[in-house]
Structure formats: C-alpha cells, structure tokens
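Protein chains: 2
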Amino acid sequence: MGGLTDQLREFLDAHRVGVLATASKAGKPRQSVVYYVRDADRLLISTMSERLKAKDARRTGWASLSVRADEQPYPSATFSGPAEILTENIGQPTARVMQQIADVDEPPDPLSDEALAEIDRVILAISVDRVSAVTHMGE
Amino acid sequence: MGGLTDQLREFLDAHRVGVLATASKAGKPRQSVVYYVRDADRLLISTMSERLKAKDARRTGWASLSVRADEQPYPSATFSGPAEILTENIGQPTARVMQQIADVDEPPDPLSDEALAEIDRVILAISVDRVSAVTHMGE
Chain D
443 MGGLTDQLRE
453 FLDAHRVGVL
463 ATASKAGKPR
473 QSVVYYVRDA
483 DRLLISTMSE
493 RLKAKDARRT
503 GWASLSVRAD
513 EQPYPSATFS
523 GPAEILTENI
533 GQPTARVMQQ
543 IADVDEPPDP
553 LSDEALAEID
563 RVILAISVDR
573 VSAVTHMGE
Chain H
443 MGGLTDQLRE
453 FLDAHRVGVL
463 ATASKAGKPR
473 QSVVYYVRDA
483 DRLLISTMSE
493 RLKAKDARRT
503 GWASLSVRAD
513 EQPYPSATFS
523 GPAEILTENI
533 GQPTARVMQQ
543 IADVDEPPDP
553 LSDEALAEID
563 RVILAISVDR
573 VSAVTHMGE
C-alpha cells in the first residue's frame, strides 16, 4: 500500500461521494457516482454483483475513485488500486455506506451476508496504492 | 450524436466541473477533475498537450466526463464519446473555460491559437454520443 497520507485520509473521511472508474471489456473507462466509506487504506463501495462496475472490477482487478469537495476551488484527488468484490463480512461496511446515503448519525443495523446475498448486494473494495491528480489540498 | 436531451444540456450548463476519464496505455482508467464548457453536443476542456489525459485522448480517441451536482442527492450523469485534441480556433472555448475557473460574468479576451500554442494549451473535445449512469435527474 502507498500513497495515502493522513491529510488524504482526512479528506476522504470528510466526503462521501466519488466517481468510480473501471475499464469496460472494450477497454473504455466506465464512470458512475458512488457513495463510499474508508476502512484503513481501502475504499468500500456498496453495489450489486450484476452491475457492470462490479463485473469490470472482478474481471480487471482494478478501479479508481475520484473524490472532490463541493465548493471552489474543488480540492480533489484520484485514488486507485487493486479492486475486488467482497461477499463475506460485508454487513458492517454495507451499513456504513447506507449511513452515508441516508446522512444520519448512526449506521443502520447490519444485515447478514445471507440477507445481502439475497438482494445481490456486494462490496467493491479498492486497496489504494496510488494517488494522482491531487489538487488544491493546501499543505 | 445521441443521448443528450434538453434536460441534460441544462444540467451540463448549470455545472462547471466534472471528472474526466481516459484509458491509460495499460488500459486502466485515468481520472481527474476538470472544468468544462458545452458547445452544442460537445464538451470542451482546456488542458496541455503534454498532459497524460491529452495523450490518452489522442491515442484512444475516446473520453468520458462524469458530472454531479454539489448537494444531496447528487444528481449526476456520465457523458462519453469520441474525443480529440484541438489546436485551431480554440481561443474562444479556452476563454470560456477560463471564465468558469475564475467564476466571473464575462470571459477574458480570447488568446490567439499561436499564443495558446506557446503555453501548450489545447482543447480536449468530447463529442457526446452516450449518456450513462444518470441519477436523480427528476422526471
């Protein structure tokens, strides 16, 4: 792992949406806005196993997330690394992402892996090992 | 051309930054936050010819831009299509992008193509022919 500094971890924790990019089968970038949470130096995104972003991540083993602030000058950075699809022990991270979406103080009660499997929910995890396009982060 | 509706054109005009994605030589997505302006169904971004995003666009002929609003529920969409690097007649679009960056009412006086070439400025143009990952756009 590498690339994440305390300042970048704080930046990640202060925000909650980013643009996920994966590579399509044709080698083209595929982008969508997603909510995320940070777990140490991994970024966790709740998605469904049948979504193209999940299939891309499984097939290529790589993804990146671009996060920017909401106001000018829009501090931003892109976090990239090996990506995998998790289906075990995902109750708590899924609940944390749901908390971000609902914008509430406490996460909802975690669902079991079995219950999440029934609704096709998985976690796309990026192990950040590269940070690029860092802008307006101060110092 | 296809994919852009009046509602999506209005959404693009109401915002000014997005996350540009191109494919690296290794086939990995490369993302960075950029200012843009819309010209009919093209999205125009000011960059430098030596930037990796410009090299990617020139080599692959493709790029996408993910644009999101700044407040929950973060309406967003991804605009993709053939991409090219322009070096002629770029004074006006470059001035329009600079206006977005400076957040002022009027664009600065346009520079000549020659003056822009001296500072390596080019326009990366995406001809939008695909819109995906549209979220929270009302309707």
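Chains D and H, in that order, give the protein sequences. Residue 581, in my numbering, is where the first sequence stops; the numbers in between run on with no holes. Residue 581, in my numbering, is where the second sequence stops; the numbers in between run on with no holes. Ideal Cβ placement from N, Cα and C applies to all residues, glycine included.
| Asked | Found |
| --- | --- |
| CB contact check: A575/H to chain D, cutoff 7 Å | yes |
| Per-residue burial, I561/H [other beta carbons within 10 Å of its own, 16 or more giving buried] | exposed |
| Start and end residues, alpha helix (DSSP H) containing R501/D | 494 to 502 |
| Three or more C-beta pairs below 8 Å linking the stretch 479 to 489 of chain H and the stretch 515 to 525 of chain D | no |
| With 16 other Cβ atoms within 10 Å as the buried cut-off, status of K495/H | buried |
| C-alpha distance - V539/D paired with L558/H, whole-angstrom precision | 45 Å |
| Alpha-carbon spacing of G445/H relative to R510/D, whole angstroms | 26 Å |
| Closer than 7 Å at the beta carbon, the chain D residues around D547/H | Under the 7 Å cutoff, chain D gives no residues; its nearest Cβ is about 15 Å from D547/H. |
| C-beta neighbour in chain H for Y478/D, strict 7 Å | no |
| When K470/D, P471/D, G503/D, T529/D are compared against I568/D, the one with the closest alpha-carbon | G503/D |
| Chain-ordered residues of the stretch 508 to 527 of chain H with a beta carbon less than 8 Å from chain D | S508, R510, D512, E513, Q514, Y516, S518, T520, S522 |
| Below-7 Å beta-carbon distance, S506/D vs any chain H residue | yes |
| Residues of the stretch 456 to 475 of chain H whose Cβ lies closer than 8 Å to any Cβ of chain D, in chain order | V459, V461, A463, T464, A465, G469, K470, P471, R472, Q473, S474, V475 |
| Residues of its chain near L553/D, where Cβ-Cβ distance is below 6 Å and the 5 sequence neighbours each way are ignored | G533 |
| Presumed contact (8 Å Cβ cut-off) between A499/H and L566/H, rounded CB distance | 5 Å |
| The stretch 511 to 518 of chain D touching the stretch 467 to 479 of chain D, judged by at least three CB pairs closer than 8 Å | no |
| Helix, strand or coil at D481/D [DSSP, three-state] | strand |
| Cutoff 7 Å; reference P404/H; Cβ partners in own chain excluding five residues on either side | Outside the modelled stretch of chain H, which goes from 443 to 581, sits residue 404/H, for which no answer is possible. |
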